[in-house]
Ligand code: MF3
Ligand code: CO
């Protein structure tokens, strides 16, 4: 069931989202040649705890079973799409594109966001996939309003990726967010009959997260059990915001 959040609940998510955005901003500023992903995770944890919030992903079990996620921050580099582990020996190098994905729990409510940062001088295609993926998210967000279906969001995202000769990841999706990191509905980033059936209402809160591949849409799960990568080893782009559906459109909560 898709839950509707009250004005008070959305206010809490707005505050949590603001903490999240400011942590991601500070962590982004620390993305430099030679920095390790573990350093970024450590910084994110410290900043979240000192804001009176808690990292949503730490010990979280996305499927409900197995081991919880061992960190606060997902750091996915180049062909890594999501859930990249912030390991000590994951050292950032010139030309890398880095996805920083973070969840914040504040007063029992979660928000979820991802930003991308380039390390030093990056290639033209790396620059393009970062820009186009961000534009996909922005164009999608413009479609979020009461009475619209999620397919309108999905179409806007998919069209923009295709116009730029990129492919949309099909096996990973956005989601509702609130009292847990992942709530219904699933939010596909490509047009699909199932998305037509989901009609937006004021008070819905969604984590919108287009994942765009330079090459094929196919993905693989790495042996670490967490990291998803592109099958062909080409680049991936991923940006994410948590939004609340308002009376006339939507509000980005993670800014
Ligand atoms: N932002 C991620 C998503 O929406 C959540 C990561 S949970 C983790 O899928 F446990 F894998 F970190
Ligand atoms: Co998410």
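Numbering (the numbering used here), first residue to last: 47 to 301. Glycine residues also receive a C-beta, built at the ideal position from the N, C-alpha and C atoms. What you are looking at is a predicted structure, and each value in this text was computed from that prediction instead of being measured.
In its chain, beyond the 5 residues on either side, 275, 276, 279, 280, 281 and 282 have a beta carbon closer than 7 angstroms to the beta carbon of residue 125. Within the model, the alpha-carbon separation for residue 161 versus residue 167 is close to 18 angstroms. If you draw a straight line from the Cα of residue 259 to the Cα of residue 140, it is about 21 angstroms long.
For residue 170, the enclosing alpha helix (DSSP H) has its first and last residue at 170 to 187. Counting C-beta pairs closer than 8 angstroms gives fewer than three between the stretch 231 to 250 and the stretch 114 to 125, which falls short of the contact rule. The stretch 172 to 192 and the stretch 293 to 300 touch, with no fewer than 3 CB-CB distances between them shorter than 8 angstroms. With a threshold of 16 other beta carbon atoms within 10 Å, residue 103 meets it and is buried.
In the structure shown, residue 293 adopts coil according to DSSP, grouped into three states.
At a Cβ-Cβ threshold of 8 angstroms, residue 158 and residue 288 count as neighbours.
Residue 112 has its Cβ no nearer than 7 angstroms to any heavy atom of ligand 1.
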